[in-house]
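Everything on this sheet refers to the single structure shown next.
2 protein chains.
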Amino acid sequence: MPGVIVDVETVDLRFPTSRALDGSDAMNEAPDYSAAYVVLHTDVGLEGHGFTFTIGRGNELALAAAEAIGRRARGWPVDELAADPGGFSRHLQADSQLRWLGPAKGTIQLGLAAVVNAAWDLIGKVAGQPVWKVLADMSPRQLVDLVDWRYLRDVLTPEAAVEMLEKQVPGRGEREVALRAEGYPAYTTSAGWLGYDDDKLARLCREVVDAGWDAVKLKVGRDLAEDVRRCALAREVIGPARRLMVDANQTLGAGDAVRWAEALAPFDIWWFEEPTSPDDVLAHATIARAIAPTRVATGEHAHNAVMFKQFLAAGAMGVCQLDAARPGGVDEAVAVLLLAAAHDVPVCPHAGGVGLCELVQHLSMVDYVAISGSREDRMIEYVDHLHEHFVDPVRMRGASYLPPSRPGYSAEILPSSRAAYAFPHGSAWRAGS
Amino acid sequence: MPGVIVDVETVDLRFPTSRALDGSDAMNEAPDYSAAYVVLHTDVGLEGHGFTFTIGRGNELALAAAEAIGRRARGWPVDELAADPGGFSRHLQADSQLRWLGPAKGTIQLGLAAVVNAAWDLIGKVAGQPVWKVLADMSPRQLVDLVDWRYLRDVLTPEAAVEMLEKQVPGRGEREVALRAEGYPAYTTSAGWLGYDDDKLARLCREVVDAGWDAVKLKVGRDLAEDVRRCALAREVIGPARRLMVDANQTLGAGDAVRWAEALAPFDIWWFEEPTSPDDVLAHATIARAIAPTRVATGEHAHNAVMFKQFLAAGAMGVCQLDAARPGGVDEAVAVLLLAAAHDVPVCPHAGGVGLCELVQHLSMVDYVAISGSREDRMIEYVDHLHEHFVDPVRMRGASYLPPSRPGYSAEILPSSRAAYAFPHGSAWRAGS
Chain A
1 MPGVIVDVET VDLRFPTSRA LDGSDAMNEA PDYSAAYVVL HTDVGLEGHG FTFTIGRGNE
61 LALAAAEAIG RRARGWPVDE LAADPGGFSR HLQADSQLRW LGPAKGTIQL GLAAVVNAAW
121 DLIGKVAGQP VWKVLADMSP RQLVDLVDWR YLRDVLTPEA AVEMLEKQVP GRGEREVALR
181 AEGYPAYTTS AGWLGYDDDK LARLCREVVD AGWDAVKLKV GRDLAEDVRR CALAREVIGP
241 ARRLMVDANQ TLGAGDAVRW AEALAPFDIW WFEEPTSPDD VLAHATIARA IAPTRVATGE
301 HAHNAVMFKQ FLAAGAMGVC QLDAARPGGV DEAVAVLLLA AAHDVPVCPH AGGVGLCELV
361 QHLSMVDYVA ISGSREDRMI EYVDHLHEHF VDPVRMRGAS YLPPSRPGYS AEILPSSRAA
421 YAFPHGSAWR AGS
Chain B
434 MPGVIVDVET VDLRFPTSRA LDGSDAMNEA PDYSAAYVVL HTDVGLEGHG FTFTIGRGNE
494 LALAAAEAIG RRARGWPVDE LAADPGGFSR HLQADSQLRW LGPAKGTIQL GLAAVVNAAW
554 DLIGKVAGQP VWKVLADMSP RQLVDLVDWR YLRDVLTPEA AVEMLEKQVP GRGEREVALR
614 AEGYPAYTTS AGWLGYDDDK LARLCREVVD AGWDAVKLKV GRDLAEDVRR CALAREVIGP
674 ARRLMVDANQ TLGAGDAVRW AEALAPFDIW WFEEPTSPDD VLAHATIARA IAPTRVATGE
734 HAHNAVMFKQ FLAAGAMGVC QLDAARPGGV DEAVAVLLLA AAHDVPVCPH AGGVGLCELV
794 QHLSMVDYVA ISGSREDRMI EYVDHLHEHF VDPVRMRGAS YLPPSRPGYS AEILPSSRAA
854 YAFPHGSAWR AGS
């Protein structure tokens, strides 16, 4: 008796992270990690929780978008949602007046992601399974049917995708066992925020190594000489065997990006992340050619599958940094996983912020079990912030994510945290003002 | 004594155009043309009016974005705005928390456009000139300084742009005289909305020809056989000498778009507009190669100069349909005009809706006088809707726009119309509900 969606509740949650310069980078100097949080209420007491992520001011716009999109969810039967999640997602997007605000980008897309993610939490709860497992148990055809293929067929057809997925069916069981036993590899960004001084950077790198991490990422892009110094320091501390990645957070033009990569090359950079505008497929392709074998990593700000399709087809994306809450939620994430697998590009999802680690682990895990079938060169970003607010927080063992076991999408924030961080009247904000 | 911006007023204006199926196309079935309307108030009584355009539901999101961006305009001295409009525009965009919602796309970009357009209305009023004339009197260096070059230099440098503009300086005076005498060519979309039946289509095409138009555009993309019939009918009515264009409003995949263009080719289609996703540079490039000499026209939904840069550099855009209110307003429009001129691609701006004709005429006119220096293959879209609500409506002579002469950006809507169409409590909405 799964009932009907009867109400869409939204909550403006903001965490005052800017007070400690956690999360500072060359583009985003003082973020307040925020969730435009959605609860889908049903008439049988089940709830689906989901959110999109923003960095503070403007979270109210993402909420307003989730409300506008969410109106289209009211009355939808939960069993119909569970039987055809892709159909539900396409229905949410079928309001042509709202579509005009994107299309499929910016705030309206963030709102869509929040509602779709909440719907998948509901699907998981109805199934009594975590979302990664719900997805991993779907047939190739069911996975392919999650996707809106309208603009993708020139690069990948649903038929070719089914064929690709069929090849992974025989190994699913074995990989699920390996996943439960070993977890999924991670890397950390905690050490390398721009707001930290050299002593703190060195100390954090050392702690990271001591904690067993194999890869470290530094923020760069404000001052080249400084970045050379910081990368030299980090490489010295982590030694030659571990991976060092850098992230310019879109601050550079194509020419400067190549100059940066060349100057940092002596420190053996595995990937160069977000060198320039996230819209610029052609510039990323140029940069990728110029800086190989360093890979260009991007995707955290790519807003839909059409963008990923182009980045992949153009060879502009050597690492695919899918986000769980910027494209339109789980269904569109599956489209991206299929496109990346078809191009043999590893997906290393963007995480951090608030709750992104909780979400993306599900995406990487279904990727491993049922889509790409591989963990090679794949890692989920990990940042040790704000997990304490979640009902089902990520569980790490060393440098690996352990698969979630609770039903749903791990998206639910504790009621006490929802009360404390509600903006602007929650206790966390009143105390800090 | 031009004063300081002291307040940013926003008004939710919606026109119930869906009741008559005006503006229906394959993607946008029932639009209610709407303006997220902004008034910049100064402490000396001067006002700058501007807006962005939406098609109904969600206009409240564009307004909320304009409010969030507009907070950054408060206290800005008007003489500083007039001396460095590009600096003002970059300041509006420099809130990293708000930037996260785009970046530079979707609702936050629509809000930016509304505020920037209002600022240019103010600049025109301070100068006592229409905006096209303010721009046309700027030096090449001043025009180039309007632009944010961060992500553009790989395709066009500011130095190359200055050099290009210098070549047009000697002819400016002569072209301004021609513009004032002859106006700027236009084409009409009024005949070809999808909601109209064949009789109405034929009658409207005949009226269009009788009224002296040289070019007609039809909406297509829902049913190929029907579109073949409608294009045959339109071509028969308008005769062989006039231009016939079609607009698929993003409804097709790349393969279908080529199929459509091939089926319609017998009717001598000058351009094929928005064949597929507006984000898909690579698919547009493929289509453009396949359907030449029919040109691919796009840009109405391109959200920033980085997108235009790619479309132009990839040969994916044979006609550049710049919009006045989707990219970030006048300053970014100048960037697009420069990029298009550098690629020798004609700019035929997207207009219609409410007030877009009023705005884009300024952009085409500065393009002619000071940037591309040409009216060849260039036309401004014209739709005869809703002009009666404007203080300074477009003035047509035959199939040409006459240059506006009143100071400002022609963006101001009559106070009576602002009262009547305010949503949801204006008289137009109360009467229709």
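From first to last, the protein sequence lines are chains A and B. Take the first sequence: its position 205, counting from 1, is numbered 205 in this note's numbering, and each next residue is one higher. Take the second sequence: its position 208, counting from 1, is numbered 641 in this note's numbering, and each next residue is one higher. Positions of the beta carbon are idealized from the N, C-alpha and C atoms, including for glycine.
Contact with chain A is found for TRP533 (chain B), since one of that chain's Cβ atoms lies less than 8 Å from the residue's Cβ.
If you ignore the 5 residues before and after GLU607 (chain B), its C-beta comes within less than 7 Å of no other C-beta in its own chain.
Note on ALA340 (chain A): 16 or more other CB atoms within 10 angstroms of its CB, so buried under the neighbour-count rule. The beta carbon of PRO240 (chain A) lies closer than 8 Å to those of ASP268 in the same chain, with the five residues before and after it left out.
Collapsing the DSSP output to three states places PHE856 (chain B) in coil. Nearest to TYR184 (chain A) by C-alpha distance, out of A:GLY398, A:SER417, A:GLU80 and A:GLY408, is A:GLY398. Take the alpha-carbon of ARG14 (chain A) and the one of ILE413 (chain A): they are about 12 Å apart.
By alpha-carbon distance to SER522 (chain B), the top candidate from B:GLY859, B:VAL763 and B:PRO848 is B:VAL763.
One finds nothing in chain A with a Cβ atom closer than 7 Å to the Cβ of GLY761 (chain B); even the nearest lies about 13 Å away.
Chain-order list of chain B residues neighbouring GLY426 (chain A): empty, with the shortest C-beta distance near 18 Å, by a criterion of under 7 Å. The Cβ-Cβ distance between ASP554 (chain B) and TYR842 (chain B) falls below 8 Å. Annotation for VAL131 (chain A): TRP120, GLY124, HIS362 and TYR409 place their beta carbon closer than 6 Å to its own, counting only its chain and skipping 5 residues before and after. Sequence-distant partners of GLU262 (chain A) (beyond 5 residues in either direction) whose C-beta falls short of 6 Å from its own C-beta are missing from its chain. For ILE720 (chain B), the enclosing alpha helix (DSSP H) has its first and last residue at 714–724.
Shown here for TRP270 (chain A): same chain residues with a beta carbon closer than 8 Å to its own, the five before and five after excluded, namely ALA215, ARG243, LEU244, MET245, THR294 and ARG295 in chain order. Per the coordinates, the alpha-carbon of ALA547 (chain B) lies some 36 Å from the alpha-carbon of TRP260 (chain A). Residues of chain A with a Cβ closer than 7 Å to the Cβ of HIS734 (chain B) are, in chain order, PRO103. PRO573 (chain B) and CYS753 (chain B) have their C-alpha atoms roughly 22 Å apart. Along the stretch 501–529 of chain B, the alpha helix (DSSP H) occurs as fully enclosed runs of 4 or more residues at 511–516 and 518–525, listed in sequence order.
DSSP places LEU156 (chain A) in the coil class of the three-state scheme, outside both helix and strand.
Along the stretch 125–158 of chain A, the positions whose C-beta sits under 9 Å from a C-beta of chain B are TRP149, ARG150, TYR151, LEU152, ARG153, ASP154 and VAL155, read in chain order. Judged by their CB atoms, VAL799 (chain B) and LEU479 (chain B) are not nearer to each other than the 8 Å cut-off. Around the beta-carbon of GLU182 (chain A), fewer than 16 other beta-carbon atoms lie within 10 Å, marking it exposed. Beta bridge pairing from DSSP links ILE371 (chain A) with no other residue. With a threshold of 8 Å between beta carbons, GLN530 (chain B) makes contact with chain A. For PHE53 (chain A), the uninterrupted beta strand (DSSP E) segment begins and ends at 47–54. Taking 8 Å as the threshold, the shortest C-beta distance from PRO31 (chain A) to chain B falls below it. For PRO711 (chain B), the nearest CB of chain A lies under 8 Å from its own CB, placing it at the interface with that chain.
Under the DSSP assignment, HIS795 (chain B) falls in the alpha helix (DSSP H) whose first and last residues are 789–799. Under the Cβ criterion of 8 Å, ARG505 (chain B) is not counted among the residues facing chain A.
Distances from the CA of VAL354 (chain A) to each of A:ALA285, A:GLY56, A:LEU156 and A:SER374 were compared; the closest alpha carbon is that of A:GLY56. For VAL472 (chain B), the beta-bridge partners assigned by DSSP are B:GLU442 and B:HIS482.
The three-state reading of DSSP puts LYS217 (chain A) in strand, counting E and B together.
At a beta-carbon threshold of 7 Å, the residues of chain B lying near GLY56 (chain A) are GLN530, ordered along the chain. Out of B:PRO779, B:THR621, B:ALA853 and B:ASP630, the CA that lies nearest to the CA of GLU809 (chain B) is found in B:PRO779. SER850 (chain B) carries a helical assignment under DSSP once its states are collapsed to helix, strand and coil.
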